[in-house]
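Notes to accompany the following structure.
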Ligand code: ATP
């Protein structure tokens, strides 16, 4: 992990936020290469879910054809949203403070965290440790809307993007030609005041989520739950995470949220995980009608018989009243009115990006131009995710090679292929620079180019080299990137 973190810093994938002031724990900035990588991950998700979705076809394994649309909601929403969703009352972690070292730890993680005192031990294991009893801590960041900083202006930064989708359910139904079953997708920032941010970007306080809320008929919801669980797991495999490091873990009944009748996590064996342990990339949850009903009727709780009922205050009124708006769905073909059930695949864009970074990292030995074996660090990104797709090199800075190479570079750029031009240093060094940032194809303009107008392409992973006519280069690179 240390090597990956250092490469991310050295090559401009990730920087600590506000680094020149000593950084801010739990906040990260994406550098010039990181921003491209993460954007490619988010774009691949969006294309798979929204723009590339064919709503006239039944995709493999799906019970029927369905619509998919997108939304982009605000980060700050009406405070009642979080009261009805349960986040205001329930979105807590238990924390333990140490009066000696002033460390703060999540109570349920204490057996895997390090105490800041030396030698390295778990919190509570030093004689000097003075741990408090676990205390509740709300993970939502609070802020104030408007000029008055009083409680009536209090609001929260969203801890998940999902609620923006639920509160717009009616708007989407009323304005789009969607029919249940259909899905609404959103990609955006979420904020959680994590007690112990750690493991690089894995647990941050500001992060991005890629969420789908899929609305379906209650009787079909178990089939849709299985469909989305399997499809989301397959997405990570398709984009290069190795099956031996990726698991789909179905939650035990006692692990489920109070409203859920099924949840599975896609988990990845990050380098920082202990042997046999995994970190969550995405949760796929069957949420029943909990969310739409909460925003209609008021915050729900389970009664003694296990039914969801509106929570009441001492006067018998809803403790957190809902909007009172009708969020039911009327099926004009079956003439049935019902509250749709929801399947929610909720992924972290930063955790996915980190998993793709970890999977891409390889070290090997390759001969340099003199045949001497050299250590090589190579990021074997899926071509779709690679921040730079192609690099163009004139072999030497003379004999018309730079001019020819610039034309090649401009053709690739004009075709929308992220390309760099590099004429500095020996060719071997230029290859190594590109290998380290995961550029799939390096193109060299050499002496033969000037005679027959062909260029050399070098493949990052196989190191195979072959010649193609410069006029066919864009087609060749595009086809390979797609393949
Ligand atoms: P964890 O148990 O790891 O705290 P969670 O179960 O609370 O995660 P969800 O509420 O299901 O997470 O959020 C959905 C997804 O959002 C997670 O699978 C993860 O990818 C991402 N996510 C959640 N919290 C963070 C965080 N602090 N930093 C980065 N990504 C996060």
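Numbering (this note's numbering), first residue to last: 28 to 510.
No residue lacks a Cβ here, since even glycine has one placed at the ideal position from N, Cα and C.
Is the Cβ-Cβ distance between residue i and residue j less than 8 Å?
i           : j           : result
residue 387 : residue 466 : no
residue 210 : residue 95  : yes
residue 52  : residue 208 : no
residue 140 : residue 149 : yes
residue 237 : residue 72  : yes
residue 287 : residue 250 : no
residue 272 : residue 296 : yes
residue 509 : residue 497 : no
residue 337 : residue 345 : yes
residue 374 : residue 308 : yes
residue 356 : residue 416 : no
residue 372 : residue 493 : no
residue 290 : residue 306 : no
residue 406 : residue 463 : yes
residue 376 : residue 68  : yes
residue 370 : residue 260 : no
residue 239 : residue 28  : no
residue 132 : residue 384 : no
Among the options, whose alpha-carbon lies nearest the alpha-carbon of residue i?
i           : options               : result
residue 134 : 141, 144 and 162      : 162
residue 100 : 492, 191, 412 and 295 : 191
residue 102 : 450, 156, 35 and 233  : 233
residue 125 : 202, 106 and 151      : 151
residue 471 : 298, 155, 500 and 154 : 500
residue 189 : 168, 77 and 314       : 314
residue 349 : 324, 382, 485 and 43  : 324
residue 438 : 461, 459, 42 and 502  : 502
residue 409 : 488, 153 and 356      : 488
residue 226 : 283, 299 and 181      : 299
residue 455 : 431, 427, 441 and 402 : 402
residue 354 : 283, 67, 199 and 40   : 199
residue 168 : 119, 154, 146 and 196 : 119
residue 205 : 463, 358, 171 and 174 : 358
residue 558 : 70, 77 and 34         : There is simply no residue 558 to check, as the chain begins at 28 and stops at 510 in what is shown.
residue 412 : 440, 380 and 431      : 380
residue 382 : 129, 46, 127 and 64   : 64
residue 104 : 242, 389 and 172      : 172
residue 476 : 427, 452, 258 and 116 : 427
Please list the segments of the beta strand (DSSP E) lying wholly inside the segment 368-423, counting only runs of 3 or more residues, in order along the chain. 368-375, 388-394, 400-406 and 417-421
Validate contact between the segment 361-378 and the segment 311-324 using beta carbons, cut 8 Å, 3 pairs: yes
Can you list the beta strand (DSSP E) stretches of 3 or more residues lying completely in the segment 108-193, in chain order? 119-124, 131-133, 162-165, 169-171 and 181-183
Would you call the segment 432-452 and the segment 389-407 touching, i.e. three or more CB-CB distances under 8 Å? no
I want to know whether the segment 75-93 touches the segment 408-425 - three or more CB-CB distances under 8 Å. no
Does the count of Cβ pairs from the segment 263-279 and the segment 210-220 closer than 8 Å reach three? no
Within the chosen definition, does the segment 103-123 reach the segment 180-188 through at least 3 CB pairs nearer than 8 Å? yes
Ranges of the alpha helix (DSSP H) found wholly within the segment 45-95, counting only runs of at least 4: 59-73
Taking the runs of the beta strand (DSSP E) that are 3 residues or longer, which of them lie wholly in the segment 233-258? 233-243
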